[in-house]
Amino acid sequence: MKKVSLLTASVALALTGCGGGSDGGSGTPTPGGVIITGFDGYFNQAVVFDDKNNNGVLDIGSDVIFGLTNDQGQIEISGDVSGALALQTLTPGGTVQTALVNHDSSKYAGKYTIDMDHPAQAMAHELVFRAPTSSDVISPITDLVAIEMAKGTEAVPVTEEEAVAIVSTALGGTEEAPIDPYSDFVSGADANAELHKTAQILTESKAANPATYVEKSDQFAKEADAIVDTLTPEELANNDLKPVIEDTGTGDTLIPEIISNQLLTVNSVIKNSAQQDLNDLNLQVGVPFTETFISLVDEEGNTLFNDNDLQSGSSVEVSLIPNTALENAGIKVSYRNNSLFVYSETLEVKLAGSFTIELQAFDTNSKGELSQTPTSTLLEVKIVASNELPDENSEKFIELQAQITNDWSFQVGTPISNMTLDITGLFTDPESDEIKFGTQPRLNKEFLSSGVTAEYSDDFSQVILSGTPTSTASNGKLSIDASDNVHADGEWTTVTFDLPVIEEGALPEPDLHPLEGKTWYMLEHGSSNGESEQNYASIWCDSIKFENGIVLGNVRSIANKTTCSAADTQTENATYDVIDGKLFATFEFVEDGQNLVETFQVEVFEDADDISSGAKTIIHRMKDATEDSAERYTYFSNKADIEKRINVTSEMGPDARYFAAYLPAEQDLTYNLGTIGLALNENSNPNDSNAMDAGLSFDVPNNDFTCATINEFFSGFYFTGEDIGRIKSEEFNGSAIECYTNEENGVSYASVDFDLPALTVNNVYSIIGKVKDSNGEYLEAVKFNIEWTGTGNNE
2 MKKVSLLTAS VALALTGCGG GSDGGSGTPT PGGVIITGFD GYFNQAVVFD DKNNNGVLDI
62 GSDVIFGLTN DQGQIEISGD VSGALALQTL TPGGTVQTAL VNHDSSKYAG KYTIDMDHPA
122 QAMAHELVFR APTSSDVISP ITDLVAIEMA KGTEAVPVTE EEAVAIVSTA LGGTEEAPID
182 PYSDFVSGAD ANAELHKTAQ ILTESKAANP ATYVEKSDQF AKEADAIVDT LTPEELANND
242 LKPVIEDTGT GDTLIPEIIS NQLLTVNSVI KNSAQQDLND LNLQVGVPFT ETFISLVDEE
302 GNTLFNDNDL QSGSSVEVSL IPNTALENAG IKVSYRNNSL FVYSETLEVK LAGSFTIELQ
362 AFDTNSKGEL SQTPTSTLLE VKIVASNELP DENSEKFIEL QAQITNDWSF QVGTPISNMT
422 LDITGLFTDP ESDEIKFGTQ PRLNKEFLSS GVTAEYSDDF SQVILSGTPT STASNGKLSI
482 DASDNVHADG EWTTVTFDLP VIEEGALPEP DLHPLEGKTW YMLEHGSSNG ESEQNYASIW
542 CDSIKFENGI VLGNVRSIAN KTTCSAADTQ TENATYDVID GKLFATFEFV EDGQNLVETF
602 QVEVFEDADD ISSGAKTIIH RMKDATEDSA ERYTYFSNKA DIEKRINVTS EMGPDARYFA
662 AYLPAEQDLT YNLGTIGLAL NENSNPNDSN AMDAGLSFDV PNNDFTCATI NEFFSGFYFT
722 GEDIGRIKSE EFNGSAIECY TNEENGVSYA SVDFDLPALT VNNVYSIIGK VKDSNGEYLE
782 AVKFNIEWTG TGNNE
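Heads up: the sequence shown at position 671 corresponds to 672 in our numbering, and the numbers run straight through without jumps.
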């Protein structure tokens with residue numbers, strides 16, 4: 002990882018355009034566009050995105066989302082992908098689907114993925130599949146290639162060619178007849194029933210083994226290929242047959258249990274018939290409605306849900322998911338004896354709109370075990386309005402527009418006062434229904450970004466503007482949405498007023514942010530030494546200064562391994578803004594020929610005077626990103642204090658090798674002031690074969706601190722240097738951090754050990770403890786430098 006500092010961090014925004022969504026189609030892409038196809042069967046309404054950090058997770062707010070696939074599994078995108086090409090499947094009400102709705106309800110409300118092998122039902126699993134950026138398809142097979150490439154390291158990368166060869170071999174390919182992981186095996190010239198079935202097995206197995214699938218992906222692939230080899234042509238063609246590989250082992254080797262499974266399916270003919278019956282109800286606001294039964298059984302006795310793994314005489318248990326919005330519209334639904342009972346307790350339909358009826362059931366495998374996730378099918382209930390939306394009162398509109406034009410004026414730096422519109426009578430309803438308004442009046446983006454806000458009075462009789470404009474703006478618009486108590490949310494009559502321009506003015510001098518005007522020093526780990534890229538990471542002292550809207554920093558050099566230098570250079574056109582007390586730093590840079598812009602929030606979490614006088618605990622996070630993008634730092638104002646941490650020598654006594662640090666306590670999100678000590682000496686343990694030994698000691702006075710906490714928060718510990726590269730602390734089997742819980746005076750402390758080769762006298766080495774991405778917001782990485790002088794002190 003070429004990690005340098007906040008000034009030079011580059012997480013590319015990558016794609017400058019996106020396309021498709023449900024409108025994407027097959028055929029010839031637009032100029033500069035590429036059609037991406039996602040499948041196991043074709044995935045309809047799956048999210049395609051740029052997995053920028055290639056972690057196999059859709060990080061809403063930081064990953065670039067291109068849109069949703071169509072019923073052919075396709076979407077058109079344009080530009081370059083900076084991380085991995087990825088696809089996220091969605092389930093109704095699933096974790097990711099809910100998060101996307103909260104992010105942008107207009108795009109994702111009611112959206113869920115359908116595997117077109119089973120077009121009458123929603124997918125049961127929320128999964129991410131990836132592909133290398135060279136691919137124009139995404140499938141469980143390309144996912145294997147992406148996983149293999151991600152297993153590589155900076156020192157030993159796995160190329161795409163190598164990953165393809167590994168996957169081909171795992172799936173039974175040979176040099177003479179390799180498996181093409183980028184083929185569309187579902188249909189067309191490359192249709193391949195065996196690969197199709199392999200992909201189906203991998204999808205189910207990835208969902209069943211979230212903890213081990215990635216680590217053992219090649220073993221799962223081999224096992225899936227072995228299963229496919231046992232199937233008959235009829236079984237290969239049966240899309241309902243989806244065996245599952247469950248990993249029953251705990252080590253690095255897959256210990257498979259193969260569970261035969263006939264997928265729970267939805268009868269599309271019965272579903273379509275039920276949908277037609279619902280359409281035929283012709284529900285209308287104000288028109289009386291009593292009740293009706295809609296059968297979910299056909300003439301042959303087939304039911305809506307079917308599971309061939311059930312024993313004869315058993316039936317699928319179906320549940321109905323309550324829909325409060327539909328009940329508020331005056332319609333209730335219950336599920337009884339393979340029928341839908343649709344009725345109205347008040348005999349009155351109250352609201353218009355489109356509503357869903359969701360029915361769920363759980364798949365049963367051949368062992369009689371129920372799936373952990375339900376299979377859903379959704380029906381639509383449409384209610385039409387029997388009356389008109391409110392009308393605009395044109396005379397009132399002209400009166401209010403004249404008031405705005407003649408009486409209102411805006412100027413930068415001048416607080417808004419007495420800008421109130423009496424909107425009584427602006428709307429009239431043809432049926433005299435009660436008028437309701439939107440959540441708030443709407444200002445256009447230019448005015449909102451200048452600091453102007455609008456809101457209704459408590460009784461919705463007035464619109465009130467407030468704020469202090471911070472920038473000039475023209476073409477201002479103020480929109481007011483009105484509806485009635487009959488129409489559903491989203492059905493509005495809208496009037497829009499023109500606003501005067503915001504003129505030039507003088508802003509008052511702002512209060513300085515706590516980070517402004519000072520030089521701050523921080524420790525960073527990364528492979529860039531300012532002149533070239535090392536094949537290992539080191540610890541560096543970087544500096545940063547926020548002054549007059551400009552972000553300044555040091556120009557890193559080899560000297561920053563042991564000394565801190567001034568923050569006197571603006572790089573990457575770095576600037577910052579303080580918005581509502583929050584500091585946001587923005588960087589412009591060119592990467593792969595593209596002009597990119599990134600914005601970070603630099604958040605002051607708390608003072609850190611216990612570590613160094615005037616120090617502060619800081620959290621860096623990409624603006625609008627998820628928690629996993631955050632990283633914690635200590636900003637030092639005292640240069641001498643931070644330099645002590647990178648000028649440790651091996652012969653120093655313990656007082657000079659132990660440093661204050663905030664360490665996790667037993668209660669979540671609480672910390673104790675503890676110490677981290679480091680030591681380097683020649684090996685004296687006859688059980689260790691290596692020449693040198695280094696260690697880290699984590700100690701909290703009067704509180705236990707154990708290896709369990711080390712393993713919970715840290716992903717790995719590394720000892721690095723120009724003569725040895727990177728050496729990881731790990732157990733003899735290479736599977737974990739080499740950590741020991743010790744006890745002194747009845748209190749536990751943890752020690753992390755490194756077994757090292759002979760070191761070079763007077764060389765400076767780095768000790769790095771990397772925090773897991775999910776914990777980056779809560780704990781700072783361990784960062785020290787130590788010089789081997791030829792003499793060690795392990796007290």
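All C-beta atoms in this analysis are idealised placements derived from N, C-alpha and C, irrespective of residue type, glycine included.
Item                                                                                                                                                                          : Value
Cβ atoms of residue 501 and residue 409: under 9 Å apart, would you say?                                                                                                      : yes
Can you grab the Cα-Cα spacing for the pair residue 230 / residue 223, in whole Å?                                                                                            : 11 Å
Straight-line CA distance for residue 482 to residue 438?                                                                                                                     : 6 Å
With the cut-off set at 9 Å, would you say residue 728 and residue 712 are in Cβ contact?                                                                                     : no
Excluding five sequence neighbours on each side, which residues of the same chain lie with their C-beta closer than 6 Å to the C-beta of residue 517?                         : 547
Between the alpha carbons of residue 129 and residue 86, how many angstroms are there, rounded?                                                                               : 10 Å
Where does residue 802 land, buried or exposed, given buried means 16+ other C-beta within 10 angstroms?                                                                      : This structure cannot speak to residue 802, because the chain is shown only from 2 to 796.
With distances taken Cα to Cα, identify the nearest neighbour of residue 283 among 383, 201 and 308.                                                                          : 383
Inspect the beta-carbon positions of residue 113 and residue 88 and report whether they are closer than 9 Å.                                                                  : no
Does the separation of the CB atoms of residue 289 and residue 348 fall below 9 Å?                                                                                            : yes
Which term fits residue 104, buried or exposed, when burial requires 16 or more other beta carbons within 10 angstroms of its beta carbon?                                    : exposed
Tell me whether the beta-carbon of residue 544 lies closer than 9 Å to the beta-carbon of residue 526.                                                                        : no
With DSSP as the reference, label residue 191 as helix, strand or coil.                                                                                                       : helix
Under DSSP, the alpha helix (DSSP H) around residue 104 begins and ends at which residues?                                                                                    : 96-104
Can you tell me whether residue 337 is helix, strand or coil according to DSSP?                                                                                               : strand
State the DSSP-derived secondary structure class of residue 145, mapped to helix, strand or coil.                                                                             : helix
Could you work out which residue in 55, 107, 57 and 329 is closest to residue 69 when comparing CA atoms only?                                                                : 107
Less than 8 Å between the CB atoms is what I'm expecting for residue 59 and residue 35, so what's the real figure, rounded?                                                   : Not confirmed; about 20 Å, so no contact.
May I ask you to report which of helix, strand or coil DSSP gives residue 253?                                                                                                : coil
Can you list, in chain order, the residues of its chain with a C-beta nearer than 6 Å to that of residue 25? Leave out the 5 residues immediately preceding and following it. : Below a pLDDT of 50, predicted positions are generally treated as unreliable, and residue 25, at 39, falls in that range; no measurement from the model is reported.
Opposite residue 393 in the DSSP bridges: which residues?                                                                                                                     : 428
Determine whether the beta carbon atoms of residue 206 and residue 245 lie at a separation below 9 Å.                                                                         : yes
Which value, in whole angstroms, describes the spacing of the CA atoms of residue 726 and residue 599?                                                                        : 31 Å
Which runs of the beta strand (DSSP E) fall wholly inside the segment 662-719 and span at least 3 residues, in chain order?                                                   : 672-683 and 693-700
Let me make sure I understand the geometry here. Which of 404, 513 and 352 has the alpha-carbon closest to that of residue 434?                                               : 352
So, for residue 689: in the same chain, excluding its five sequence neighbours on each side, which residues have a beta-carbon less than 7 Å away from its beta-carbon?       : 756
Does the Cβ of residue 358 have 16 or more other Cβ atoms within 10 Å, making it buried, or fewer, making it exposed?                                                         : buried
Which complete alpha helix (DSSP H) runs does the segment 199-284 hold, if anything under 4 residues is left out?                                                             : 218-230, 234-238 and 269-280
I need the straight-line Cα distance from residue 212 to residue 248, nearest angstrom please.                                                                                : 10 Å
Tell me which same chain residues have a C-beta within less than 8 Å of the C-beta of residue 671, skipping the five on either side of it?                                    : 665
Going straight from the alpha carbon of residue 136 to that of residue 151, what length do you get?                                                                           : 16 Å
At what residues does the beta strand (DSSP E) containing residue 329 begin and finish?                                                                                       : Segment 325-329 is the alpha helix (DSSP H) holding residue 329; no beta strand (DSSP E) there.
Do you know how far the Cα of residue 170 is from the Cα of residue 263?                                                                                                      : 28 Å
Does the Cβ of residue 464 have 16 or more other Cβ atoms within 10 Å, making it buried, or fewer, making it exposed?                                                         : buried
CB-CB under 7 Å to residue 84, same chain, minus the five flanking residues each way: which ones, in chain order?                                                             : 51, 52, 53, 54 and 55
Take every Cβ of the segment 403-422, pair it with every Cβ of the segment 302-318, and state whether three or more of those distances are shorter than 8 Å.                  : no
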